[in-house]
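So the structure is just underneath, and the comments pick up after that.
In our numbering, the protein residues as written are 37 to 117.
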């Protein structure tokens with residue numbers, strides 16, 4: 037599925053397509069609708085850069101050890117680790 041956003045909207049928001057994807061990815065991660073790996077994929081950023089962006093914004097990546105372990109398992113399953 038593709039979502040089209042007109043250049044007029046991007047210009048009105050004063051944001052690039054790349055920045056918009058990153059903002060959407062961060063929002064969906066914060067709302068726990070996407071895990072770290074998929075949010076990073078949507079943002080089209082390397083994992084460490086995405087994690088750094090989250091940290092810069094004060095967004096907690098892992099609430100507990102179980103969340104961290106689940107993410108490690110997801111990364112391994114998707115071949116990202």
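Heads up, the beta-carbon is just placed ideally off N, CA and C, and yes, glycines get one too.
(request) Look up residue 73 in the DSSP assignment and say whether it is helix, strand or coil. (result) helix
(request) Between the Cα of residue 38 and those of 50, 96, 44, 78, spot the shortest distance and give me the residue it belongs to. (result) Per the Cα distances, 78.
(request) Taking residue 113 as the reference, give the member of 80, 74, 69 with the closest Cα. (result) 74
(message) Could you give the first and the last residue of the continuous alpha helix (DSSP H) run that contains residue 54?
(response) Counting along the chain, residue 54 sits inside the alpha helix (DSSP H) bounded by residues 53 to 66.
(request) Reducing DSSP to helix, strand and coil, say where residue 50 ends up. (result) coil
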